[in-house]
Amino acid sequence: MTAFEDRLWADLVHEHGDEILLHPAPTALHIANRRRPPALRAGAALAGVGLVAGAVLIFTATKAAPPAYAVTTNPDGTVTVTLNDIQAITALNAELARDGLHAKAIPLTAGCPTRGFPNMMPTGTNPSTYTITIVPADIPPGYTAILAASESSSGEVRIAQGAWPSPGPSCLNRTRLVIQAPTSG
Amino acid sequence: MSTPPAATAAPPHRRLAEFEAVYRANVAGVTGFFARRCPEPHTVADLTSETFAQAIASLGNFDPRRGSARAWLFGIARHVFAWHCAQAANGNHVVAALSGHRELDDDEIEELAARIDDQRAGREMLARMSRLLELERSALELVDLAGLPAREAAAALNVSPGGLRVRLFRARNRLRREQEPK
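Protein chains in written order, with our numbering: chain A, 12 to 196; chain B, 1103 to 1284.
Here's what the structure looks like:
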């Protein structure tokens, strides 16, 4: 690997690393058979990625999938959250508040001065339905589960989940969201 | 709770590792593709960078059933270069405008200059191929210069493997005839 190739890779990770990590579809670069449910596709918990300390769980949903958002309390006390329309963040937060959850959705933007998730938060994944689940018992005391949402150019909503000291930020910077996550909070 | 099956939803850290593996396996080939066409190291660097940036942006469109990652990247590289030429014809400095001109260190410039120099034979072959049909020229380049298997080149050019073989046969025959003493 040459200096040019190494530096170009570093630049790509710096500028586009979050696009790879938050990408809605499985990378499938060497996977022959992909399975993509029509409404929801999901990523998985992130841990141990280079400088990453925060646990991030990602899921996406197409805009065509109604409703704009959904909050489902499961029998085991966990809560499944779906956000199909980025404009529904306010309504989703109202629903989360009504349910008494220490969780809120915020926009993931390029201009936000706040970066990264300060605290690791275990999260649950349902591989059969490709949804993520908030586990209220795993939200540390004094923390809020932050669902940082962004919309891709194709209209897909992507969400990264982590914990933040309450009340949490009103936005997060999408650039290098994961790569620059602080190591402690 | 369990994690998603590996075959359906790679964890984020693995996605990054997978893409890095694809990058490292193909960056030299993509750089060579542009080094055959551009005499300026900065342009080669920017077009190579733009190709991988577009690949990242279109990761969701990549379907391994339709071709290899290498064929996919060369398909993107062809579009990036066509777009670069179209914009250059209009006098626009497009790469710098779109993705931000990347400053190169001296060692990077030296490396890329050496790559450009290494591609002299390739440039000469491209010049000889200039009278071929565009698809024949592209097929010949991907197979004979870039070293793609015919099946992968066919995927990159969006033609059937049989159609690609026909075009390769015709292109090689035409070049051979042109080189024969008259």
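In this text, a Cβ means the ideal position worked out from N, Cα and C, and glycines have one as well. As the structure is a computational prediction, the values presented were derived from the model and not from experiment.
Amino acids of chain D, ordered along the chain, whose beta-carbon sits closer than 9 Å to that of residue i
| i | result |
| --- | --- |
| A:H27 | Any reference to chain D falls outside this structure, whose protein chains are A and B. |
Residue i classed as buried or exposed, judged by whether at least 16 other C-beta atoms fall within 10 angstroms
| i | result |
| --- | --- |
| B:N1260 | exposed |
| A:A55 | Annotation note: pLDDT 26 at A:A55 (below 50); position unreliable, no value reported. |
| A:P178 | exposed |
| A:S161 | buried |
| B:Q1281 | exposed |
| B:G1264 | exposed |
| A:L183 | buried |
| B:F1271 | exposed |
| A:P2 | No information on residue 2 of chain A is available, as it lies outside the stretch 12 to 196 that chain A covers here. |
| B:S1170 | buried |
| B:R1222 | exposed |
| B:H1186 | buried |
Partner residues on chain A for residue i, Cβ-Cβ distance less than 9 Å
| i | result |
| --- | --- |
| B:L1175 | Here the premise fails: no neighbours, minimum Cβ distance about 10 Å. |
Chain-ordered chain B contacts of residue i [CB-CB under 7 Å]
| i | result |
| --- | --- |
| A:T236 | In the structure as shown, chain A starts at 12 and stops at 196, and residue 236 of chain A therefore has no counterpart that could be examined. |
| A:D110 | Simply none; closest approach about 20 Å. |
Amino acids of chain A, ordered along the chain, whose beta-carbon sits closer than 7 Å to that of residue i
| i | result |
| --- | --- |
| B:E1210 | A14, F15 and R18 |
Beta-carbon spacing of residue i, residue j below 9 Å
| i | j | result |
| --- | --- | --- |
| A:D99 | A:Y80 | Note that residue 99 of chain A is Ala in the sequence shown, not Asp. Their beta carbons are under 9 Å apart, which means A:A99 touches A:Y80 by this criterion. |
| B:A1229 | B:L1266 | no |
| B:L1161 | B:F1136 | no |
| A:G173 | A:A148 | no |
| B:R1117 | A:L32 | yes |
| A:L94 | A:A114 | no |
| A:T203 | A:T91 | It is not possible to answer for residue 203 of chain A, since the shown part of chain A is limited to 12 through 196. |
| B:V1124 | B:T1150 | no |
Closer than 8 Å: residue i CB and nearest the ligand GDP heavy atom
| i | result |
| --- | --- |
| B:L1242 | Annotation note on the ligand GDP: not contained in the displayed structure, which lists no ligands. |
Closer than 8 Å at the beta carbon, the chain A residues around residue i
| i | result |
| --- | --- |
| B:D1220 | The premise fails here: B:D1220 is roughly 12 Å from chain A at the closest Cβ pair, so nothing lies under 8 Å. |
| B:D1207 | A14 and R18 |
Within chain B, partners of residue i - CB distance below 8 Å
| i | result |
| --- | --- |
| A:L103 | Within 8 Å Cβ-Cβ: nothing; A:L103 doesn't reach chain B, min ~22 Å. |
| A:L207 | Only positions 12 to 196 of chain A appear in this structure, which leaves residue 207 of chain A out of reach. |
(request) Residues of the region 1118 to 1150 of chain B with a CB closer than 8 Å to any CB of chain A: list them in chain order, please. (result) Residues of the region 1118 to 1150 of chain B with a C-beta atom less than 8 Å from some C-beta of chain A are L1118, E1120, F1121, E1122, A1123, V1124, Y1125, R1126, V1129, A1130, T1133, A1147 and T1150, listed in chain order.
(request) Inspect the CB distances between the region 21 to 28 of chain A and the region 1154 to 1169 of chain B and report whether three or more fall short of 8 Å. (result) Between the region 21 to 28 of chain A and the region 1154 to 1169 of chain B, the count of Cβ pairs shorter than 8 Å is three or higher; the stretches touch.
(request) Give a yes or no on contact between the region 1213 to 1220 of chain B and the region 1242 to 1260 of chain B, applying the rule of three or more CB pairs nearer than 8 Å. (result) no
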